[in-house]
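S.K.: Here my numbering is used: the first residue of the sequence shown is 45, the next is one more, and so on.
Glycine included, every Cβ here is placed at the ideal spot set by N, Cα and C.
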Amino acid sequence: MIESSTIKFLKDIDKNNNKDWFTANKAKYEEALENIKGFKDEVVKGLNKKDVIEEGKVFRIYRDVRFSKDKLPYKNNLGVHFKREGKDRRGGYYLHIEPGKSFAGGGFWEPDPADLKRIREEIAFDDKPIRKIISNKTFIKYFGQLNGEELKTTPSGFDRDHPAIDLIRKKQYLLGRNFTDKEVTSPGFLKEVVSSFEAMRPFFDYMSEVLSTDVNGQLK
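1. According to the Cβ coordinates, are ALA148 and VAL259 closer than 8 Å?
2. Just the Cα atoms here: how many angstroms apart are HIS206 and THR197?
3. From LEU190 to ASN69, what does the alpha carbon distance come to, in whole angstroms?
4. Apply the 10 Å Cβ neighbour rule to ASN62 and answer buried if 16 or more other Cβ atoms are within range, or exposed otherwise.
5. Taking 8 Å as the cut-off, does the stretch 84-102 touch the stretch 209-224 (at least 3 CB pairs, one atom from each stretch)?
6. Sort ALA208, ILE141, SER256 by Cα distance to LYS119 and report the nearest one.
7. Where are the beta strand (DSSP E) runs, 3 residues long or more, that stay fully inside the stretch 137-224, in chain order?
8. Output needed for GLY192: all residues of its chain with C-beta closer than 6 Å, excluding positions within five of it in sequence on either side, in chain order.
9. To the nearest angstrom, report how far apart TYR250 and PRO173 are at their CA atoms.
10. For ILE174, verify whether its CB is less than 7 Å away from any heavy atom of the ligand FAD.
11. For LEU116, which of helix, strand or coil comes out of DSSP?
12. If you drop the 5 nearest sequence neighbours on each side, which residues of the same chain put their C-beta closer than 7 Å to that of GLU242?
13. What is the residue span of the beta strand (DSSP E) that PHE126 lies within?
14. Which two residues bound the contiguous beta strand (DSSP E) that contains ILE97?
15. From the DSSP output, in three-state form, read off THR67 for me.
16. Going by beta-carbon coordinates alone, are GLY150 and TYR137 separated by less than 8 Å?
17. CB-CB under 7 Å to ARG134, same chain, minus the five flanking residues each way: which ones, in chain order?
18. Quick check: what's the CA-CA separation for GLU166 versus ASP203?
19. Using DSSP bridges, identify the partner residues of TYR106.
20. Answer yes or no: do LEU211 and ASP156 have a C-beta to C-beta separation smaller than 8 Å?
21. Could you have a look at THR229 and say whether DSSP puts it in helix, strand or coil?
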């Protein structure tokens, strides 16, 4: 489980985001890191009962400040990406641990132009399958709605009056479930994270089928 000491470390580094403090408290960081790595391994085991995970990767806490106006050296969160195995298994899982802002998420953050065009084409052709998925009671229970940034205008080549223009305008297709600090440090958090990721599968399966076929439904 996620230890309360991990949340405390992240709260502390948010207030003391400097090299001197981090160096003096590096043992606490390493303890938090090992906690997250162990939790990551348990999530992988849980997911592999119904999916195939290639790896779980814990992101570095060190920020790349070279091109950022924000020069704080460390992140105030710990994130884990779970990569699905194989080019035909689309969609990725992400776990974000940050005091007051933790969530389990997934989807398509920055789809490449060809994939985004293909998704939009499929939705424009028939939006009923994706509507069925995102209106399902389990989907709504876990995620509420499909999220992601949208264009303010209509994508080139699409009708602005199309009944599915709300989905066609999207630049991202994201799912997320928020957790309180109390939930994060509870014994049942592992089960809730795994079940949240499993609830994404119908959406991922839909996208995997779309992105592995052409506009005529033929395998690429």
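M.R.: Quick look at the numbers:
1. What you label residue 148 is simply residue 104 of the sequence shown in a count that begins at 1. What you label residue 259 is simply residue 215 of the sequence shown in a count that begins at 1. Taking 8 Å as the Cβ cut-off, ALA148 and VAL259 do not qualify as a contacting pair.
2. Within the sequence shown, the letter at position 162 stands for residue 206. Within the sequence shown, the letter at position 153 stands for residue 197. HIS206 and THR197 have their C-alpha atoms some 13 Å from each other.
3. Within the sequence shown, numbered from 1, the residue matching residue 190 stands at position 146. Within the sequence shown, numbered from 1, the residue matching residue 69 stands at position 25. If you draw a straight line from the Cα of LEU190 to the Cα of ASN69, it comes to about 40 Å.
4. In the sequence shown, counting from the first residue as 1, residue 62 sits at position 18. Burial call: exposed.
5. The stretch 84-102 and the stretch 209-224 do not touch, with fewer than three beta-carbon pairs separated by less than 8 Å.
6. Start at 1 with the first residue of the sequence shown, and residue 119 comes out as number 75. Ranking the options by Cα distance to LYS119, first place goes to ILE141.
7. Taking only runs of at least 3 residues, the beta strand (DSSP E) segments lying wholly in the stretch 137-224 are 146-152, 217-223.
8. Counting from one through the sequence shown, the residue named residue 192 turns up at place 148. Taken in chain order, the residues that qualify are LYS214, GLN216, TYR217, LEU218.
9. Here residue 250 is taken as the residue at index 206 of the sequence shown, counted from 1. Here residue 173 is taken as the residue at index 129 of the sequence shown, counted from 1. Looking at the two C-alpha atoms, the distance is approximately 8 Å.
10. This structure simply doesn't include the ligand FAD, nor any ligand for that matter.
11. Residue 116 sits at position 72 when you count from the first residue of the sequence shown. Note: LEU116 maps to coil in three-state DSSP.
12. The sequence position of residue 242 within the sequence shown is 198, counting from 1. When the five nearest sequence neighbours on each side are left out, the beta carbons in the same chain lying within less than 7 Å of the beta carbon of GLU242 are those of LYS94, in order along the chain.
13. Locating residue 126 in the sequence shown gives position 82, where the first residue counts as 1. Run containing PHE126: 122-128, per the beta strand (DSSP E) assignment.
14. Position 53 of the sequence shown, counted from the start, is the residue given in the question as residue 97. Element bounds for ILE97: 97-102.
15. For the purposes of this step, residue 67 is identified with residue 23 of the sequence shown, where counting begins at 1. Helix at THR67.
16. Counting from one through the sequence shown, the residue named residue 150 turns up at place 106. Counting from one through the sequence shown, the residue named residue 137 turns up at place 93. In this structure, TYR137 lies closer than 8 Å to GLY150 by Cβ.
17. Counting from 1 along the sequence shown, the entry for residue 134 is found at position 90. Answer for ARG134: PHE248, MET251, SER252, LEU255, listed in chain order.
18. For this step, residue 166 is matched to residue 122 along the sequence shown. For this step, residue 203 is matched to residue 159 along the sequence shown. Across the structure, GLU166 and ASP203 are spaced so that their CA atoms are roughly 14 Å apart.
19. Residue mapping note: residue 106 aligns to position 62 of the sequence shown, counting from 1. BP columns for TYR106 point to TYR118.
20. Along the sequence shown, read from residue 1 onward, the residue named residue 211 stands at position 167. Along the sequence shown, read from residue 1 onward, the residue named residue 156 stands at position 112. 8 Å or more divides the Cβ of LEU211 from the Cβ of ASP156.
21. The sequence position of residue 229 within the sequence shown is 185, counting from 1. Note: THR229 maps to coil in three-state DSSP.
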